[in-house]
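*Asks:*
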Amino acid sequence: MTSTPAKASTAPLPLSHKPTAKATAEARPDAPSASRTACIKTFGCQMNVHDSDRIRRMIQDAGYAEVQRYEDADLVILNTCYVRENAVDRVRGHLGELNRLRREGRVKKVALTGCIGAAEESATLQKTYNIDLVLGTHNTYELAEFVGLPTMRETYTPELPGTEGGHSSFVTIMTGCNYQCSYCIVPTVRGRMICRPLQSVVEEIKNLVAGGTEYVTLLGQTVDAWRHEGKRFCDLLEAVSEVAPRVWFTTSHPSNMEDRTLRTIGERDTIVKRLHLPVQSGSDRMLKVMHRGYKAERYRRKIEVFREAVPDGTLSTDIIVGHPGETEEDHEQTIKLVEDCEFDSAYIFKFSPRQGTEAAVLPGVVPDSVVQRRFLEVLREVEQNAFSRNQRKVGGEEEIFVRHGATDDGKAIGETWSGHAVHVETDAAPGSYVNATIESAGPHVLYARASESRKGSATNNSGLPIPSS
Ligand code: 5AD
Ligand code: SF4
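Residue 1093 is where the sequence shown starts when you use my numbering, and the numbers rise one by one after that.
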């Protein structure tokens, strides 16, 4: 059974401990040369996007030019996701295609990195598809040696150039996860939690901001579980909000989310007022089977605090439908929770059994047709809510951060301070702000017309209030 997110899939993050290098002896290319080309293909979450940035630095340092098409590449690197089976199916498809291109002599080497690389299944994939190099998540730096760099640096994080053309950057604050959710492969492939020191995070962000970063996203599997030398996540968030012009964080765990953090989101002008708090199920019975460590009531209380502390904020979540043992009553409770929490968006996943997880061998498998119906029922509930919440924004003035510049249709993609995605007609460059009027709204995006644009930091950083949104 595969899983289908109702929206684009956000998701998992950080690193495993197992060194899993499985390079074949003859695989290593010769010394670096400017005539070499490499193509990086990223699957999965923001953490993988961020890991791909490190990989990109390595191949550039090694003298490779980056290309977009497999057939133009000497070396293809697939940076992969293992969290649900459909992610693996996609990678298999790409590996098959790469084998064909290699037979035709168009691609020379293939490397597989990321979460599939850290899973046992990678050994079979390596054999089946003749992959030259397989690396897990904790030893990506070994790619440096593979591409012919003389030194191997543990990580390419420090002074990492910003992503998305420099105006937005991901910053890892913790890796791994100490939870053991029944269905989840992440602790196996990414390892236990390791938190980065506060100073190191703040220094990296200061450097990024000095280099032009306008928007920092703090990354980790359970960022709100971050703690280091007596400091907790809220301390880190406060420190970052003082040095970054705009900041957001993902992903959080309801058991770690402190009311203090929720209030800080509301109080600090530089924090995007958007909370992603995965609930997974609305049924206490299922939450227990999943080992989530909280009850639905506690989750509801957190949301009440958020809605009160951040009245204009947006709330998103992750929900799994069809986990083994899920009954009709459990499902009804999920629907009820979705109704009560009025999510602005949700990533809904059909349960996907992952080998090695507890849930993969649990009895009470839910038939596909039932999973499909439940998926659509949850989706409908989420979309109805999201649509009516978004309608309330129509007619309002918003300050919008431009994330991606206008395409052929003249529309750029941006984000309001409350975290709404907006299509806005403007030629403003990515990384700048535009003031715009919301003209219409769908369940996923707002549509706006810009009235004024400016480069760089938001007005709230120059002391003016954030326009209400
Ligand atoms: N099946 C379906 N969904 C899953 N997720 C994690 N593991 C599985 C699985 N085996 C979902 C969870 C998590 C999100 C990133 O992916 O909802 O929060
Ligand atoms: Fe997976 Fe649970 Fe950890 Fe999230 S908290 S990464 S779902 S084990």
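Even for Gly, the Cβ is constructed at its ideal location relative to N, Cα and C.
Looking at C-alpha atoms only, which residue of H1415, R1352, K1323 is the closest neighbour of I1395?
*Replies:* Residue R1352 is the option with its Cα nearest to I1395.
*Asks:* CB of D1410 to nearest heavy atom of the ligand 5AD: below 7 Å?
*Replies:* The answer is yes for D1410.
*Asks:* Per DSSP, what kind of secondary structure is L1454 in: helix, strand or coil?
*Replies:* Looking at L1454 - three-state DSSP - the assignment turns out to be coil, as it is neither helix nor strand.
*Asks:* Please specify which runs of the alpha helix (DSSP H), each continuous and at least 4 residues long, are wholly inside the region 1118-1180, giving them in chain order.
*Replies:* 1138-1153, all fully within the region 1118-1180.
*Asks:* Could you name the residues of the same chain whose beta carbon sits closer than 6 Å to that of Y1307, not counting the 5 residues immediately before and after it, in chain order?
*Replies:* S1260, R1338, listed in sequence order.
*Asks:* Exposed or buried, R1578, counting other C-beta atoms within 10 Å across all chains shown (16 or more means buried)?
*Replies:* The structure shown does not extend to residue 1578, since the chain spans only 1093 to 1561, so no value can be given for it.
*Asks:* Between which two residues does the alpha helix (DSSP H) holding V1486 run?
*Replies:* No alpha helix (DSSP H) contains V1486, which DSSP labels as neither H nor E.
*Asks:* At a threshold of 7 Å, does H1536 count as lining the ligand SF4 (C-beta to nearest heavy atom)?
*Replies:* Incorrect: H1536 has no Cβ contact closer than 7 Å to the ligand SF4.
*Asks:* For Q1138, count neighbouring Cβ atoms within 10 angstroms of its own Cβ and tell me buried if that reaches 16, exposed if not.
*Replies:* Its Cβ being crowded by 16 or more others within 10 Å, Q1138 is buried.
*Asks:* If you draw a straight line from the alpha carbon of R1366 to that of G1506, how long is it in whole angstroms?
*Replies:* Spanning the two alpha carbons is a distance of roughly 14 Å.
*Asks:* Using beta-carbon positions only, say whether L1310 and F1341 come within less than 8 Å of one another.
*Replies:* For L1310 and F1341, yes; Cβs fall inside 8 Å.
*Asks:* Scan the region 1471-1519 and note each continuous beta strand (DSSP E) run of 3 residues or more that stays entirely inside, going in chain order.
*Replies:* Listed in chain order, they are 1489-1496, 1503-1508, 1513-1517.
*Asks:* Could you tell me whether the region 1345-1359 touches the region 1401-1410, using the rule of 3 or more Cβ pairs below 8 Å?
*Replies:* The region 1345-1359 is in contact with the region 1401-1410.
*Asks:* Could you give the DSSP three-state label for C1326: helix, strand or coil?
*Replies:* Looking at C1326 - three-state DSSP - the assignment turns out to be helix.
*Asks:* For the ligand 5AD, I want to know if Q1372 counts as a neighbour, meaning its beta carbon is within less than 7 Å of at least one of the ligand's heavy atoms.
*Replies:* Yes, the Cβ of Q1372 comes within 7 Å of a heavy atom of the ligand 5AD.
*Asks:* Where R1161 and F1467 are concerned, what is the direct C-alpha to C-alpha distance, given to the nearest angstrom?
*Replies:* So the alpha carbons of these two residues sit roughly 35 Å apart.
*Asks:* Tell me whether Q1291, by its Cβ, gets closer than 7 Å to a heavy atom of the ligand SF4.
*Replies:* For the ligand SF4, not one heavy atom lies less than 7 Å from the Cβ of Q1291.
*Asks:* Can you give the Cα-Cα distance for T1409 and G1188, rounded to whole angstroms?
*Replies:* Near 34 Å, if we compare the C-alpha coordinates of G1188 and T1409.
*Asks:* From the DSSP output, read off the bridge partner residues of R1366.
*Replies:* DSSP, once it has assigned bridges, lists T1406 as partnering R1366.
*Asks:* Less than 8 Å separating the beta-carbons of P1416 and A1438?
*Replies:* No.
*Asks:* Following the continuous beta strand (DSSP E) through N1527, name the residue where it begins and the one where it ends.
*Replies:* Segment 1525-1533, the beta strand (DSSP E) holding N1527.
*Asks:* Excluding the five sequence neighbours on either side, which residues of its own chain have a C-beta within less than 6 Å of the C-beta of K1201, listed in chain order?
*Replies:* L1167, D1224.
*Asks:* Please classify V1453: is it buried, with 16 or more other beta-carbons within 10 angstroms of its beta-carbon, or exposed?
*Replies:* Exposed.
*Asks:* Which same chain residues, not among the five before or five after E1251, have their C-beta less than 8 Å away from its C-beta?
*Replies:* Because the pLDDT of E1251 is 42, which lies under 50, any placement of that residue in the model is unreliable, and the question is left without a value.
*Asks:* To the nearest angstrom, report how far apart H1142 and V1263 are at their CA atoms.
*Replies:* Distance between the alpha carbons of H1142 and V1263: 8 Å.
*Asks:* With a threshold of 7 Å (Cβ to nearest heavy atom), would Y1275 be considered close to the ligand 5AD?
*Replies:* For the ligand 5AD, at least one heavy atom lies less than 7 Å from the Cβ of Y1275.
*Asks:* Shorter than 7 Å, the distance from the beta carbon of S1437 to the closest heavy atom of the ligand 5AD, or not?
*Replies:* False, no ligand heavy atom lies under 7 Å from that Cβ.
*Asks:* With DSSP as the reference, please indicate the residues paired to W1318 in a beta bridge.
*Replies:* Answer by DSSP bridge pairing: none, since W1318 is not bridged.
*Asks:* For P1535, count neighbouring C-beta atoms within 10 Å of its own C-beta (all shown protein chains included) and say buried if the count is 16 or more, exposed if not.
*Replies:* With 16 or more other Cβ atoms within 10 Å, it is buried.
*Asks:* Leaving out five residues on either side along the sequence, give the residues of the same chain with a beta carbon under 8 Å from the beta carbon of Y1156.
*Replies:* Around Y1156: P1124, R1128, T1129, A1130, D1166, L1167, V1239.
*Asks:* For L1538, write down the residues that DSSP places opposite it in a beta bridge.
*Replies:* Answer is V1514, A1533, bridged to L1538.
*Asks:* Which value, in whole angstroms, describes the spacing of the CA atoms of I1286 and E1196?
*Replies:* Cα to Cα, the separation comes out at about 44 Å.
*Asks:* If you drop the 5 nearest sequence neighbours on each side, which residues of the same chain put their C-beta closer than 8 Å to that of D1122?
*Replies:* Its pLDDT being 43, under 50, D1122 is placed unreliably in this model, and the coordinates cannot settle the point.
*Asks:* Throw me the rounded Cβ distance for the I1132 and R1148 pair, which I believe falls under 8 Å.
*Replies:* Yes, I1132 and R1148 are in contact; Cβ-Cβ is about 6 Å, under 8 Å.
*Asks:* Please report how far the alpha carbon of G1136 lies from the alpha carbon of C1173, in whole angstroms.
*Replies:* About 5 Å.
*Asks:* Give the straight-line distance between the Cα atoms of E1234 and T1508, rounded to the nearest whole angstrom.
*Replies:* Cα-Cα distance, rounded: 40 Å.
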